Ligand code: AMP
Ligand code: GLY
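In the UniProt record's numbering, the protein residues as written are 1 to 415.
Put into structure tokens, the structure is as follows:
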């Protein structure tokens with residue numbers, strides 16, 4: 001099978017490793033890829049948010065399967081353009097990707113499907129925003145309605161800061177605060193059949209102890225030993241299947257990866273958000289533990305044959321990934337600094353590049369790379385992931401020091 005992978009972040013590096021390891025994969029091309037992906041795939045420059053450009057590249061590579069990593073190309077309709085050429089594509093249509101592309105759309109689908117989520121109001125004016133903030137009270141949760149690379153959400157006790165974010169965004173969703181540990185559950189689906197992967201936990205805030213602004217994600221681990229038994233079955237029954245049924249009913253079936261972000265509250269699991277693609281950096285840990293070959297699984301989802309796919313197999317043990325971010329992230333991101341010590345298995349590249357003048361590895365974005373390791377238990381995987389990331393030098397870089405720590409110490413509590 002010839003596979004074209006679209007994207008060039010840490011998630012795509014993890015996907016590339018999984019796709020390349022599948023004996024079904026004869027050729028792997030990545031656009032645009034990154035220096036880490038270059039070790040396992042041919043890289044092609046392409047305007048990945050352009051449906052025409054990606055479809056043309058898929059034809060040129062004679063791809064049997066296109067896997068779209070990031071949300072922007074999906075929302076732009078890349079999967080539709082690829083399928084229009086008769087090529088199987090793992091990723092939802094532009095219409096179905098609105099589950100991620102618009103928070104207001106996602107809330108509407110959840111309401112119609114009876115999916116448990118935070119109460120919310122869509123607000124287009126300051127007066128509406130003020131009313132909603134006072135209705136739900138502090139802590140305030142204000143979300144930009146559109147795509148914002150994980151940085152469109154402000155959670156704050158400061159009403160003025162909440163109002164300022166609403167004003168800066170224009171149209172926002174203001175919602176009830178959900179209290180409880182967060183879980184990311186990835187569901188592979190062909191629109192009808194749905195297969196859950198292993199739940200993982202992400203660390204969204206930039207600072208230790210969940211302080212500072214939201215980021216794209218600073219680290220992750222799996223499995224979640226503290227999660228209630230039956231959680232995955234409950235979420236498949238109450239969230240995934242009703243959502244997929246509602247999307248079919250609307251004539252826009254969702255096929256690809258449904259990312260369900262949950263808070264485990266006192267009242268039970270509540271959806272925080274949907275994404276229309278694999279999460280980053282949770283993918284790094286989930287795929288490190290997945291034994292089932294990845295290309296075959298994604299191809300089954302892309303061709304409507306997931307119901308016939310054999311049950312997933314998982315490696316024993318645990319996986320942890322720790323993100324190294326560039327100076328200033330997430331407010332700004334310094335690029336062009338030399339990176340050393342990254343030539344190790346388990347270093348997953350995100351915002352890296354080769355310097356044109358001498359081929360040196362340099363930073364090129366906010367989340368630069370991550371150290372991903374497995375181990376027989378969470379404590380050993382965590383120690384190995386920190387050893388990996390701490391072997392890398394990058395001026396001004398920062399990382400969290402508490403990824404997976406509460407879980408190792410048995411301090412995660414579901415209310
Ligand atoms: P989102 O982009 O919707 O995932 O929001 C980013 C992050 O903001 C989430 O991972 C949560 O940590 C936090 N967040 C979002 N919505 C809520 C909510 N209703 N209650 C508490 N925290 C939230
Ligand atoms: N890790 C959060 C996300 O991918 O949106």
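Even glycine gets a Cβ: it sits at the ideal position worked out from N, Cα and C. Just so we're clear, the structure is a prediction, and the values are computed from it rather than from any experiment.
The alpha helix (DSSP H) enclosing residue 244, as first and last residue numbers | 241-249
Based on Cα-Cα distance, which residue from 190, 87 and 19 lies nearest to residue 283?
-> 19
May I ask whether a heavy atom of the ligand GLY can be found less than 7 angstroms away from the beta carbon of residue 144?
-> no
Pick helix, strand or coil for residue 160, following the three-state DSSP scheme.
-> helix
Hey, quick one: how far does the alpha helix (DSSP H) through residue 283 stretch, first residue to last?
-> 282-289
Straight-line gap, residue 133 to residue 333 (C-alpha atoms, nearest Å) | 31 angstroms
Burial state of residue 119, where buried means 16 or more other Cβ atoms lie within 10 Å = exposed
Minimum C-alpha distance to residue 109 - residue among 273, 318, 43 and 349 = 273
Alpha helix (DSSP H) runs wholly inside the segment 193-235, at least 4 long, in chain order | 231-235
Is DSSP giving residue 99 helix, strand or coil here?
-> helix
In the structure shown, what three-state DSSP assignment does residue 329 receive?
-> coil
Based on Cα-Cα distance, which residue from 76, 83 and 40 lies nearest to residue 58?
-> 83
CA-to-CA distance, residue 200 to residue 379, given in whole angstroms = 15 angstroms
CB contact flag (residue 69, residue 27, <8 angstroms) | no
Quick one: what's got a C-beta closer than 6 angstroms to residue 402's C-beta in the same chain, skipping five residues either side?
-> 208
Nearest-angstrom Cβ-Cβ length linking residue 330 and residue 215, presumed shorter than 8 angstroms = 5 angstroms
Would you tell me roughly how many angstroms separate the C-alpha atoms of residue 241 and residue 194, rounded to the nearest one?
-> 8 angstroms
Residue 45 lies in the alpha helix (DSSP H); which residues open and close that run?
-> Element bounds for residue 45: n/a, residue is neither H nor E.
Nearest residue (CA-CA) to residue 116, options 237, 342, 160 and 157 = 237
Pull up the DSSP beta-bridge partners for residue 363, would you.
-> 352
Taking 7 angstroms as the cut-off, is the CB of residue 281 close to at least one heavy atom of the ligand GLY?
-> yes
Starting from residue 386, trace the beta strand (DSSP E) both ways and give me its first and last residue.
-> Taken as a continuous stretch (DSSP letters only), residue 386 belongs to no beta strand (DSSP E), being part of the alpha helix (DSSP H) at 378-390.
The alpha helix (DSSP H) spanning residue 12 covers which residue range?
-> 10-21
Of the choices 74, 288 and 62, whose alpha-carbon is the least far from that of residue 49?
-> 74
So, residue 55 versus residue 16, is the Cβ gap smaller than 8 angstroms?
-> no
Kindly list the residues whose CB is nearer than 7 angstroms to the CB of residue 52, restricted to its own chain and excluding five residues on each side of it in sequence; keep chain order.
-> 81
Does the separation of the CB atoms of residue 404 and residue 286 fall below 8 angstroms?
-> no
Which class does residue 90 belong to by DSSP, given the choice of helix, strand or coil?
-> strand
Terminal residues of the alpha helix (DSSP H) in which residue 59 lies | 51-60
Residue from 268, 253, 226 and 246 whose Cα sits closest to the Cα of residue 235 = 268
By Cβ distance, which residues of its chain are closer than 7 angstroms to residue 25, with the 5 residues on each side in sequence left out?
-> 1, 3, 19 and 295
Alpha carbon of residue 246 to alpha carbon of residue 144, nearest angstrom | 24 angstroms
Cβ pair count under 8 angstroms reaching 3, the segment 177-194 against the segment 302-310 | yes
Is any heavy atom of the ligand AMP found at a distance shorter than 7 angstroms from the C-beta of residue 273?
-> yes
Identify which residue in 197, 372 and 336 has its Cα closest to the Cα of residue 358.
-> 336
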